Each structure stands twice: as C-alpha cells, then as structure tokens.
Amino acid sequence: VAVEHDRGFTGTITVNTFENIGQVNGQIYMGVWGGQGTLTVDQFDNSGTIASSDKGVFFEGGANNKSTINNFNNTGVISSTNKEAVQFNYTDVKTITNNGNIKSEGHRGISINNSSVQTLNNSGTIQTSNQDVNNWDTQAIYIGYSTIQTFINSGTLKGDGRKDPGGPNGAMFASSGVNLSGSTITNFDNSGILSGRVGINISSTTIDNFKNTGTIEGTSGAKQLSGAVFIQSWGTSSSTIKNFENTGLIKNQNGNAIFIGDGNKIETLTNKGTIEAGNNGITFYAFDTNKKPVNIGKITIEEGGVIKAGNDAIHIDGSKNGIEGEGIEVKEGGRLEGGNAGIYIGGGKQVNTSINVSGTIQGGNGGIINTGTIGQKDTEVQTHGITIENEGLIASAKGSGILNTDNGIIYGNIFNKSNNNLSLKNDSDATITSGIKNEGGGTIFVNNQGTIDKDNSGNHLTNSGSGSIVIEDWLVTTDKDT
201 VAVEHDRGFT GTITVNTFEN IGQVNGQIYM GVWGGQGTLT VDQFDNSGTI ASSDKGVFFE
261 GGANNKSTIN NFNNTGVISS TNKEAVQFNY TDVKTITNNG NIKSEGHRGI SINNSSVQTL
321 NNSGTIQTSN QDVNNWDTQA IYIGYSTIQT FINSGTLKGD GRKDPGGPNG AMFASSGVNL
381 SGSTITNFDN SGILSGRVGI NISSTTIDNF KNTGTIEGTS GAKQLSGAVF IQSWGTSSST
441 IKNFENTGLI KNQNGNAIFI GDGNKIETLT NKGTIEAGNN GITFYAFDTN KKPVNIGKIT
501 IEEGGVIKAG NDAIHIDGSK NGIEGEGIEV KEGGRLEGGN AGIYIGGGKQ VNTSINVSGT
561 IQGGNGGIIN TGTIGQKDTE VQTHGITIEN EGLIASAKGS GILNTDNGII YGNIFNKSNN
621 NLSLKNDSDA TITSGIKNEG GGTIFVNNQG TIDKDNSGNH LTNSGSGSIV IEDWLVTTDK
681 DT
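Be aware that the sequence shown starts at 201, since it is given in the working numbering, and climbs by one per residue.
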C-alpha cells in the first residue's frame, strides 16, 4: 500500500483515516517520496496484521516539509523480517500508541528520526531479535535527533540481540530496549520492562525527568563497558538526565547497572528501589575523549533504597580532568553494599563533594575506599568530607570502614556523629589533612601508618561525644631536626 506524491507534486495529500483489520503482506508507505509537497494523516489504526520483508509501516516527510501524523494506533501485529517494523522520518506526530505487538527480526522495532512526538505510549510488546553479533540495529525503539514530550512504557521493550557495548562507540550500537541519540525527552516514565544487552542507551541526549517504577535490565557480561542504563557522549556532545528517580529495579547480573561516561551527568539521582549488579552498581568511567570532568551530581539513597554490587556499589574512577558534583547521601534505611567497597574512589582523582551517611555503607574490603582525593586543597574552611550521623554505619567485613590508601588524600573532615563504631585505616602513603572528630556515642578505631594533620583547633583527633577514640596503631616518624 502506498500513499505518496510524485516528485513534482507541491500540494498536500490528506488521509483522514486508514484502518487495517485484516492482513497486509508488504509495506505500507505514506510520504512525500522526495517531493516538495506535504502529507497529513489524521488517524492510522491497525488491529490486524501487517507483515513485510521491507519496512512494515513507513511515514516519510522532508527536512523542510515534514509530514504530520496525528494519531498512530496499533492493537494488532506489525512485523518485518529485514527492516524496521515501523519508521517515522521527518514527521510531526501527536500520539504513537501501541497495545499490540511490533517486531523486527533484522532491524529496529520502531525507528523515529528527525521528528517530534508529543506522546509515545507503549503498553504492548515491541521487540527486535537477531543473533548476528555484527548486527548494529537490534533496538526495540530507536529515537535519533528527535524531540519527545512524553514517553510512557508500561509494556515490554526488548532488544534481543548479541551486540555488546564496547570500544569508542560505547553502547551506541548495542542491542537495547531503547536507544536515544541526539534527542530531547521531557518526561520518560517506565513502569514496564526495558531489556537488552543494554536496557537503555542514552547518547548525546537530554532527559528532563526520568522515572522508573518497573524493570530496566542489561544482559551484557562486559565488566567495564556495560550498563542496564548507559549514559555517554557521541562525539563531543554530552548527555544529561536532570532528575532520575528509581523506585523499581535496575539490574545487570554480570556487568554494571548504571554506566556514566565522563562529561555526562545525572544532576539528581534518587534511589528508593533496588539497583543490582554483578560488577558495579553505579560506575563513572573516563573515555578521556571530550576533555570534560566526571560529574557525579547529587546521589541520594532514600529509606528502603539499596545498591548491591559484586564489586563496588558506587565506583568513581574519574578522568584526568577531575571529578565534580554535589555529593552522595545515604539516608537512614538506605544501603550501599559492595563485594569490594560501598564507595570506591580511584587514584589521582579529586572529588570536590561531600559524603553524608545516616544509613549503611558496607564493603568486603572497605566501606569507603579512597585512593584518590576527597575534598579541596588550600581552602580556609573545608566544606567537603565524610559525615556519619543518626544511626549511620560505615563498615567492612574484612577491612576498615574507611580505608585511605595508595596515595589517597582526604582534605575534608571526618565526623562520626553516630552511636555506631567506625574503623579507619590510613596507610603509609595516605594523608588526612583536617583531623578526625568523634561527636557521637560510638568508638572510632584508628590505624594510622601515614599522615594525619591537625584540624583548625590544633588537634589530630578530637572526642567531644559520649564515645571514645581507640588508637590501634600509630606510626610515629621523625626527621633529622626533631
């Protein structure tokens, strides 16, 4: 079925209603076909079956003469064996609604390119499946260089392919439930399932509000370059999620749950649900291609929220361009659990942020392991550091609650205002510049083999609470003039 201009046509074609309740074998095309005219479709309804070896349904406008689609509604089946099941090129769309089944065996389920959509609502199944490891197009929904006001998924978006993220392209071509490239999304609400080697890839895209109450799943086994949620740059253009709230499940059994490349950011991340990963729960990774710092934004773990990871719950191994952000807060009833660390900060990197703990941070080798820099050098009043309050706990099964090692530097203060105990180890090549203070009812156990400088009051250690400070080991060194 084809509704199209000839190439010399400059007028307008209007389709009031197109409805299929039967069987269509082949492509349905509605477009300008390279001409200068325009096309308007008021209503497209499919409750039957559209099966094609080419594109199933293809709407096409031009760069300067976009087609208009008011309502696209599928409650039936649309499928393709080689191309996109549904494609929108240079179109302005009011609503795309799928309550049926859209599937492609060799390409994307729905592809939206250079278009605008007011509402995209899926409560059905959109799936692409191809087991060729070199197939770059196994994405249930692809949105490229387009604007979506409201994206709602309460169904299933699944990229069933074998293309893993990796190399300089990151997850740009990985099999994914949703792939966003160079686009803008105002509101994204997922209460269904996003699944693929990458659940959702976000490349050079801005999302204002992203809420997950469903499941976002990544199945890639790659340790470094993997993520159920994968946020990256494409070229030098960065990605931003302004507000991301998770009350559902974000998981990757083998790799990372959330991956954020340098130069990209989640401004505010609030976790009230579960983030599970075989490697890192949230990992900040340096490609070092756009010469921008890693930005951790503001991470808040609310009551009932948990990040549980085989390696690190939060892994910050930032770029040579530094690390910035507002901070990390674990509220009462929130938990960070890592097989290695609750929070790990990589070597040579500066984190100008605060870590506030009223919940639990726990790791196998350390609750917080710092091999980089926490705080800011040469400031009169140090506003960054680690504060434990209320019933906060930083603990380790085999090591110390806080481990400062491998040339790690903590410029900020360490305050324990909690009634729980804290063990702290400062290794021989590590430095704490602003002292340690105990203001709660717990005990701080200190093992110092490095340097702990005095605070502004001239004290290395200060106990002003009802607890105590126990020095387990303190290496004293002298120079030739002492």
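All residues carry an ideal CB built from backbone N, CA and C; glycine is no exception.
Note that the coordinates shown come from a computational prediction; the quantities given were computed from them, not determined experimentally.
Whole-angstrom distance between residue j and residue i, CA atom to CA atom
| i | j | result |
| --- | --- | --- |
| G461 | G435 | 12 angstroms |
| I393 | G473 | 15 angstroms |
| S420 | D332 | 15 angstroms |
| S383 | I441 | 12 angstroms |
| K411 | Y544 | 26 angstroms |
| S375 | T447 | 25 angstroms |
| D408 | V378 | 17 angstroms |
| I343 | N401 | 10 angstroms |
| G418 | V506 | 18 angstroms |
| N479 | K423 | 6 angstroms |
| S596 | V557 | 15 angstroms |
| T682 | G667 | Residue confidence for T682 is low, a pLDDT of 36 falling below 50, so the modelled location carries little weight and cannot support an answer. |
| T464 | V494 | Looking at the sequence shown, residue 464 is not Thr but Asn. So the two alpha carbons sit approximately 7 angstroms from each other. |
| G497 | G522 | 13 angstroms |
| S381 | S404 | 6 angstroms |
| D517 | T651 | 24 angstroms |
| G533 | E502 | 7 angstroms |
| Q339 | A541 | 34 angstroms |
| G592 | S600 | 15 angstroms |
| K171 | G396 | In the structure displayed, the chain extends from 201 to 682; residue 171 sits before or after that span and is not available. |
| T678 | I431 | Note that T678 scores 47 on pLDDT, short of 50, meaning its location in the model is unreliable and no value can be drawn from it. |
| I602 | N313 | 49 angstroms |
| T212 | D242 | 13 angstroms |
| I588 | E672 | 21 angstroms |
| I341 | H307 | 10 angstroms |
| G546 | I569 | 9 angstroms |
| K680 | S438 | Its pLDDT being 43, under 50, K680 is placed unreliably by the model, and the measurement read from it follows with that caveat. Using only the alpha carbons, I get a separation of about 53 angstroms. |
| S433 | N659 | 46 angstroms |
Residue nearest to residue i in terms of C-alpha spacing, selected from the options
| i | options | result |
| --- | --- | --- |
| S253 | S280, D408, E502, G601 | S280 |
| G324 | G300, Q331, Y342 | G300 |
| F244 | N264, A263, G276 | G276 |
| I450 | A509, S433, K423, S438 | A509 |
| A630 | I341, I574, I501 | I574 |
| Q576 | N604, T553, E260 | T553 |
| V398 | T405, T347, N452 | N452 |
| I346 | G237, N289, D360 | It should be noted that the sequence gives Ser, not Ile, for residue 346. For S346, the nearest C-alpha among the options comes from N289. |
| F444 | E467, E260, G361, I431 | E467 |
| G262 | M230, N540, S433, G497 | M230 |
| T238 | G222, T217, Q223, N264 | N264 |
| G559 | G539, N540, N590 | N590 |
| A202 | E260, Q562, S634, N335 | E260 |
| N565 | K598, L536, V551, R535 | K598 |
| I240 | V215, N246, G546, Q223 | Correcting the residue identity first, residue 240 is Thr in this sequence and not Ile. It is V215. |
| G504 | G481, E526, V530, D512 | V530 |
| W563 | G525, V551, A513 | Correcting the residue identity first, residue 563 is Gly in this sequence and not Trp. Nearest option by C-alpha distance: A513. |
| V551 | E537, G608, L603 | G608 |
| D653 | N334, T633, F209 | T633 |
| D337 | S311, S354, S316 | S311 |
| E284 | D606, W674, K303 | K303 |
| T571 | H307, H515, D360, D673 | H515 |
| L357 | N334, M372, N298, G306 | N298 |
| V676 | N638, N663, G309, D627 | D627 |
| S315 | K266, N638, N334 | K266 |
| N282 | A428, Q236, S329 | S329 |
| D655 | W674, K617, N616, Y611 | Y611 |
| L536 | Q223, Q236, I594 | I594 |
Own chain residues within Cβ distance below 6 angstroms of residue i, not counting five before or after
| i | result |
| --- | --- |
| I352 | N321, D389 |
| L425 | P365, G366 |
| L661 | I636, I669 |
| I586 | I555, I614 |
| Q349 | Q318, T386 |
| W686 | Residue coverage of the chain in this structure runs from 201 to 682, which leaves residue 686 outside it and unanswerable. |
| T413 | S391, T447, G448 |
| N500 | Note that residue 500 is Thr in the sequence shown here, rather than Asn. These residues qualify, in order along the chain: T470, E529. |
| M372 | S403 |
| N663 | N638, I669 |
Contacting residues, own chain, Cβ-Cβ under 7 angstroms from residue i (five flanking each side not counted)
| i | result |
| --- | --- |
| Q227 | S252, D254, K255, G256, F258 |
| G641 | N619, G665, S666, G667 |
| E524 | P493, N495, N552 |
| S278 | According to the sequence displayed, residue 278 carries Ile and not Ser. Excluding residues within five positions, the ones whose Cβ falls inside 7 angstroms are N246, I250, G256, V257, A285, V286, I302. |
Is the stretch 263-272 close to the stretch 285-296, with three or more CB pairs under 8 angstroms?
-> yes
contact_flag[the stretch 484-501, the stretch 447-465] where n(CB pairs < 8 angstroms) is 3 or more | yes
Mind listing, in chain order, the continuous beta strand (DSSP E) runs of no fewer than 3 residues lying wholly within the stretch 528-555?
-> 535-538, 541-545
Validate contact between the stretch 641-649 and the stretch 614-631 using beta carbons, cut 8 angstroms, 3 pairs = yes
Write down every uninterrupted run of the beta strand (DSSP E) in the stretch 352-421 whose length is 3 residues or greater and which is fully enclosed by it, in chain order.
-> 356-361, 376-381, 384-390, 393-396, 398-403, 406-412, 415-418
Inside the stretch 241-311 only - beta strand (DSSP E) runs reaching at least 3 residues | 249-252, 257-260, 267-274, 277-280, 286-289, 291-298, 301-304
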